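Asks: Let me give you the structure first, and then I'll get to my questions.
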Amino acid sequence: MSFLDKIKTIGKGRDSNALDSDDPGIPLDDVIALDRPMRDASAGSPAQGDPLARTVHMDSSIITEAAPSEIADFAETRLPASGSDDAPGATGLPLIGNAPVATQQRILLSLVGLGLAGLIGMTIYSLNSASKGSAQVAASGQALMQSQRLAKSVSQALIGSAAAFPEVKESTEVLAKSVRGLAKGEGGLDAAPSSVQESLAPMVPLVDRAEKNANTVMGQEKILTQVGKALRTINRQSSDLLEIAETVSSLKLQQEASPAELSAVGQLVMLTQRIGKSANEFLTMEGVSPEAVFLLGKDLNSFREIADGLLNGNAELRLPGTKDAQTKERLQALLKQYEETRTEAGSILGNLQGLVSAREAQASIIADSEPLRKGLETVQDRLGAVTGFSTSVGVTLFLFALLLAAGGAGLLKLYVNDQA
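In structure tokens:
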């Protein structure tokens, strides 16, 4: 038997003797009183009682002191609080509604940024394209107008109009600059789209030829101006020649001149009218006519021969000459007027080569003006169709606007849910 068992046996023996005592001298109250101090003593001081009790008491105090420091920290396994940004959203947004709120916010902000940047970029692109397109359409319109202006101005320049030459130069420069700018992107103008180049390509040779011919006409500016002035003078003087010739004819009739003289005077009257007609043919919009130049020279030579024969006589023409002083004075005035006309005609007849080259250049410009007009109209129509607001640009703008609206609506919904 161990030492602990012996102690327990002694205690039990004492208790049983006290309780089982048949001594009548000890009342029941005393027995109870005797038992209570023993219990109180054993309960009040574990250190003085049963060694097992003291051991249990020491173990429990050790557990009590160690428990607070040995409680495990399970904070990482706890569910996040409902107000945390990492908590599942369940916001009702499509596709991303079950993601964390912070993730939803990042996605929605990205949509807003992408939509806004796309709208700004496409707007700038559209404005830039519209600006380039309008400049190209304007250039094609300028080329079309200047092609017709050139045809008109070069005809005016050919008859010696001084004001027409600056117009020819300006029209040529604008026409060449516009067409070459559209074809090659020169002169601060962007090249036309590839779909328009097919219609524009045939226009470039026509413009090059028109520019060359216009330069030929402008190179003859001095001659053309001089010839135009001479032709207008001849046209004006022809009426004076006609008036004097009719006076001579009247005087010859009064003097009962010979039939040869009367026939010669009639030819003078006819030649004055034909000289004026030849001058008028020079002043037509078709330009200088070589036939009119040849006829003018021939008529001027015939006029001098007949007038001189009437004044001084001519055996070949059977003209005896004039002896009447008044008639002679009129014939001398006629010859003087003729010399002035002849001088003006000399500036024409002496520059036939320059006149012919200028007329050929003018004829080429006139011939090319109609094909050039039709071709430039086609180019203008195609440019107008290409540079308009395209469907692809509209669809792209709509998609970016949709992204911006979706992102903004999603952020608004998140804000409303957060405030609720």
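Letter by letter, the sequence shown follows residues 16 to 435 of our numbering. Beta carbons are placed, not taken as given, at the ideal position from N, Cα and C, and that holds for glycine. In this text, all values refer to a predicted model and were calculated from it rather than measured experimentally.
Classify Leu370 as helix, strand or coil using the three-state DSSP reduction.
Replies: Three-state DSSP puts Leu370 in a helix.
Asks: Could you spell out where the alpha helix (DSSP H) holding Lys351 opens and where it closes?
Replies: Counting along the chain, the alpha helix (DSSP H) containing Lys351 begins and ends at Ala340 to Leu364.
Asks: Decide yes or no for the touch test of the stretch 372–389 against the stretch 168–175: beta carbon pairs closer than 8 Å, at least 3 of them.
Replies: Yes, the stretch 372–389 touches the stretch 168–175.
Asks: Which word fits Ser149, buried or exposed, when buried means at least 16 other C-beta atoms lie within 10 angstroms of its C-beta?
Replies: Answer is exposed; the Cβ neighbour count stays below 16.
Asks: Could you tell me whether the stretch 248–262 touches the stretch 203–216, using the rule of 3 or more Cβ pairs below 8 Å?
Replies: As far as the Cβ criterion goes, the stretch 248–262 does not touch the stretch 203–216, which means the pair count is below three.
Asks: Residues in its own chain within less than 8 Å of Ser317 by CB, not counting five upstream and five downstream?
Replies: Cβ neighbours of Ser317 beyond the five flanking positions: Gln282 and Leu286.
Asks: Can you tell me which of the three DSSP states Asn230 falls into?
Replies: Reduced to three states, the DSSP call for Asn230 is helix.
Asks: For Ser384, tell me which candidate among Glu355, Met160, Leu131 and Gln352 has the shortest Cα-Cα distance.
Replies: It is Met160.
Asks: What residue range is occupied by the uninterrupted alpha helix (DSSP H) comprising Arg247?
Replies: Glu236 to Gln269 is the extent of the alpha helix (DSSP H) around Arg247.
Asks: Here's the rule: buried if 16 or more other CB atoms are within 10 angstroms of the residue's CB, otherwise exposed. What is Gly243?
Replies: That one is buried.
Asks: Can you list, in chain order, the residues of its chain whose CB lies under 7 Å from that of Glu296, leaving out five sequence neighbours each side?
Replies: Within the same chain, Glu296 has close Cβ partners Ser304 and Ala307.
Asks: Using 8 Å for Cβ pairs, my map puts Ile380 next to Leu190. What's the rounded Cβ distance?
Replies: Contact flag wrong, Cβ pair sits at about 11 Å.
Asks: Below 8 Å between beta carbons: does that hold for Leu266 and Thr356?
Replies: No, these two residues do not count as a Cβ contact at 8 Å.
Asks: Cutting at 7 Å between CB atoms, please list the residues of its own chain near Phe415, excluding the five before and the five after it.
Replies: Counting only Cβ-Cβ distances below 7 Å, and skipping sequence neighbours, we find Gly130, Gly133, Leu134 and Met137.
Asks: Output yes or no for whether 8 Å exceeds the beta carbon distance between Gln463 and Ser186.
Replies: Because the chain spans 16 through 435 in this model, residue 463 falls outside it and cannot be assessed.
Asks: Are the CB atoms of Leu391 and Ser141 nearer to each other than 8 Å?
Replies: Not closer than 8 Å, so no.
Asks: Taking Ser144 as part of the alpha helix (DSSP H), name the residues at either end of that continuous run.
Replies: Looking at the DSSP string, the run of the alpha helix (DSSP H) that includes Ser144 is Val116 to Leu173.
Asks: Excluding the 5 residues preceding and the 5 following Glu182 in the sequence, name in chain order all residues of the same chain whose CB lies nearer than 7 Å to its CB.
Replies: Excluding positions up to five away in sequence, the list reads Arg164 and Ser168.
Asks: Taking C-alpha atoms, which residue in Phe180, Pro335, Leu325 and Val219 lies nearest to Leu197?
Replies: The candidate whose alpha carbon is nearest that of Leu197 is Val219.
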